[in-house]
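Chemist: Residue numbers (this note's numbering): 1 to 208. Note that CB positions come from ideal geometry on N, CA and C, so glycine has one too. Sharing a structure, written as structure tokens. Questions coming.
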């Protein structure tokens with residue numbers, strides 16, 4: 001990633017008007033966790049060509065990761081204005097609504113999150129991340145069975161999807177399916193245990 005960033009910086013220095021190079025650099029900066037710089041680069045990119053939904057999407061991601069949720073929402077809406085069938089943007093916007101709901105309990109955010117996740121999986125039925133997000137939104141709304149079904153779909157599509165395995169494990173445990181929960185949580189432990197902080201390791205061991 002560091003070498004990719006260096007190459008793209010040189011490319012942009014030699015081709016300062018290149019929209020594609022600027023967008024590619026912005027994406028790499030996001031991957032490298034340098035969200036403030038990514039915002040600057042992507043804004044300059046969009047100043048030249050402002051109708052590319054992918055660039056608007058990544059600008060939204062950068063805003064979201066710096067806590068600028070209202071600006072992230074505007075960027076996602078711009079992206080959808082240019083491509084109304086962009087499943088990734090619906091997933092990203094759904095995640096924004098969900099995170100804002102969990103933090104601020106804003107009226108309507110939970111329903112908006114669920115609607116966006118549903119739209120994402122309607123557009124791309126194999127989108128595991130959107131199924132996982134839908135499960136969280138449904139669980140928050142009190143639909144435990146719907147949540148478990150969504151998480152099960154995410155795990156079916158992506159068997160090593162740690163978040164979905166953990167969520168499904170908790171969901172099954174809440175329904176009394178201890179065997180199913182144990183299978184999910186044990187698999188999650190195999191995948192993620194080494195990277196978990198001590199408190200989460202203890203919590204996972206207690207659940208198992």
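#1: Relative to the alpha-carbon of residue 34, which residue among 62, 11, 195 has its alpha-carbon at the smallest distance?
#2: Would you mind sorting residue 51 into buried or exposed? The rule is 16 or more other CB atoms within 10 Å of its CB.
#3: Below 8 Å, how does it come out for the region 102-109 and the region 118-131: are there three or more Cβ pairs, yes or no?
#4: By Cβ distance below 7 Å, which residues in the same chain neighbour residue 214 in space, the five residues on each side in sequence not counted?
#5: Report the rounded CA-to-CA distance for residue 156 versus residue 180, giving the unit in angstroms.
#6: Going by CA-CA distance only, name the one from 169, 204, 74 that's closest to residue 89.
#7: How would you write the range of the alpha helix (DSSP H) that residue 171 sits in, first residue to last?
#8: Please report the residue range of the alpha helix (DSSP H) in which residue 199 lies.
#9: Of all the alpha helix (DSSP H) runs that stay within the bounds of the region 41-82, which reach a length of 4 or more residues?
#10: Which whole-angstrom value is the C-beta distance of residue 76 and residue 93, which I expect to be below 8 Å?
#11: Would you grab the beta carbon distance between residue 154 and residue 161 for me? Rounded to a whole angstrom, and I think it's under 8 Å.
#12: So, is residue 199 buried or exposed, given that buried needs 16 or more other C-beta atoms within 10 angstroms?
#13: Which word fits residue 254, buried or exposed, when buried means at least 16 other C-beta atoms lie within 10 angstroms of its C-beta?
#14: Taking buried to mean at least 16 other C-beta atoms within 10 Å of its own C-beta, is residue 208 buried or exposed?
#15: For residue 136 versus residue 185, is the C-beta spacing smaller than 8 Å?
#16: So, at 6 Å on beta carbons, what are the nonlocal neighbours of residue 83 in its own chain, with the 5 sequence-adjacent residues on each side left out?
#17: Within a Cβ cutoff of 8 Å, which residues of the same chain sit near residue 132, ignoring the five residues on either side of it in sequence?
#18: Report the option in 31, 57, 41 whose CA atom is closest to the CA atom of residue 91.
#19: Using 10 angstroms around the beta-carbon of residue 195, count the other beta-carbons present and answer buried if the total reaches 16, otherwise exposed.
#20: Would you kindly work out how many angstroms separate the C-alpha atoms of residue 140 and residue 177, rounded to a whole number?
#21: The alpha helix (DSSP H) spanning residue 18 covers which residue range?
Modeler: In short, the structure shows the following:
#1: Position 34 of the chain shown, counted from the start, is the residue given in the question as residue 34. Considering only alpha carbons, the answer is 62.
#2: Along the chain shown, read from residue 1 onward, the residue named residue 51 stands at position 51. By the neighbour-count rule (16 or more Cβ atoms within 10 Å), residue 51 is not buried but exposed.
#3: no
#4: This structure gives no information on residue 214, because the portion of the chain shown stretches from 1 to 208.
#5: Taking the chain shown and counting its residues from 1, the one referred to as residue 156 is at position 156. Taking the chain shown and counting its residues from 1, the one referred to as residue 180 is at position 180. Taking the straight line joining both Cα atoms gives about 14 Å.
#6: The residue you call residue 89 lines up with position 89 of the chain shown. Among 169, 204, 74, the Cα nearest to that of residue 89 belongs to 74.
#7: The sequence position of residue 171 within the chain shown is 171, counting from 1. Where residue 171 is concerned, the enclosing alpha helix (DSSP H) stretches over 162-174.
#8: On the chain shown, residue 199 is found 199 positions in, with the first residue counted as 1. From DSSP, the alpha helix (DSSP H) with residue 199 extends over 198-207.
#9: 53-65, 69-82
#10: Taking the first residue of the chain shown as 1, we reach residue 76 at position 76. Taking the first residue of the chain shown as 1, we reach residue 93 at position 93. 4 Å between Cβ atoms; contact.
#11: Your numbering for residue 154 matches position 154 in the chain shown. Your numbering for residue 161 matches position 161 in the chain shown. With a Cβ gap of about 6 Å, residue 154 and residue 161 count as contacting.
#12: By one-based count along the chain shown, residue 199 stands at place 199. Result: exposed.
#13: The structure shown does not extend to residue 254, since the chain is modelled only from 1 through 208, so no value can be given for it.
#14: For the purposes of this step, residue 208 is identified with residue 208 of the chain shown, where counting begins at 1. By the 10 Å Cβ count, residue 208 comes out exposed.
#15: As a working note, residue 136 is residue 136 in the chain shown. As a working note, residue 185 is residue 185 in the chain shown. Against a cut-off of 8 Å, the Cβ pair of residue 185 and residue 136 comes out as no contact.
#16: Reading the chain shown from its first residue, position 83 is the one you call residue 83. Counting only Cβ-Cβ distances below 6 Å, and skipping sequence neighbours, we find 53.
#17: Counting from 1 along the chain shown, the entry for residue 132 is found at position 132. 150, 151, 154, 161, 163, 164, 167, listed in sequence order.
#18: Working through the chain shown from its first residue, we reach residue 91 at position 91. Among 31, 57, 41, the Cα nearest to that of residue 91 is on 57.
#19: For the purposes of this step, residue 195 is identified with residue 195 of the chain shown, where counting begins at 1. The residue in question, residue 195, is exposed, as its Cβ has fewer than 16 Cβ neighbours within 10 Å.
#20: For the purposes of this step, residue 140 is taken as the residue at position 140 of the chain shown. For the purposes of this step, residue 177 is taken as the residue at position 177 of the chain shown. The straight-line gap from Cα to Cα measures roughly 20 Å.
#21: Taking the first residue of the chain shown as position 1, residue 18 is located at position 18. Premise fails: residue 18 is in no alpha helix (DSSP H) and is neither H nor E.
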